[in-house]
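Adding 10 to a residue's 1-based position in the sequence shown gives its number in this note's numbering.
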Amino acid sequence: MTLDIKICGLKTDAAMAAALAGGASHVGFIFFAKSPRYVEPAEAGRLREAARGKAKAVAVGVDADDAFLDEIVARMQPDMLQLHGSETPERVAQLKARYGLPVMKALSVSEAADLERIKPFVGVADCFLFDAKPPKGSQLPGGNGVSFDWHVLAGLDAGVDYMLSGGLNAANIGDALRQANPPGIDVSSGVESAPGVKDPALIEQFFRAVRAARDNRAA
């Protein structure tokens, strides 16, 4: 099975180069002003050029209005939208129709019962991102460096396409792949030297850990 790998929250040429060199299938750009990973739409448009033909560029919004999304789509030309706020199934459908782009809906998870929340989105969202619930006091819906019990994903229907996110790094990705066997993974803070500062060496280390984990499973 191929494994989709998304490096999210990119802001620099060096980080983009490391993500592509490692074999990222997706590269993500954050359009949420409170995030240390925030990037202007025009700058994201410049950075994403390196990914054309190599990886899908994902625009990540949090309850963004149409005017801001119009600017993001016009300036960045993303391949996919990721909705990381409280967007409803109706909002997902509206944005898919407005932009003609696939949509990934992010949902926070801490226990198996939380997976029930995907039901209204099945057949509307193209795929899901399962992230850990933010710690108390955090203003960020994602990128908090915390994980959840990956075993709860065993209860998902086999046909659900998703990315596993939340606290992933080179040290724990092997366990995550073994326990959840996800079709895709998403990493952000786990490849940073400081909040919002992607470290090319940590990105390379993460890809090495993924390859090692997959080689061990194949052996």
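Glycine included, every Cβ here is placed at the ideal spot set by N, Cα and C.
query, result
"Contact check, residue 218 vs residue 13, beta carbons under 9 Å", "no"
"Under 9 Å between C-beta atoms of residue 61 and residue 214", "no"
"Touch test, the segment 49 to 61 against the segment 99 to 116, Cβ-Cβ under 8 Å, three pairs minimum", "no"
"Distance, residue 19 Cα to residue 44 Cα", "13 Å"
"DSSP-derived helix/strand/coil call for residue 187", "helix"
"Any C-beta of chain C under 9 Å from that of residue 224", "Any reference to chain C falls outside this structure, which holds one protein chain only."
"Inter-residue CB distance, residue 41 and residue 70 (contact presumed, cutoff 8 Å)", "6 Å"
"Beta-carbon contacts of residue 222 that lie in its chain and below 8 Å, excluding the five residues immediately before and after", "184"
"Candidates 59, 15, 33, 35: closest to residue 22 by CA position", "59"
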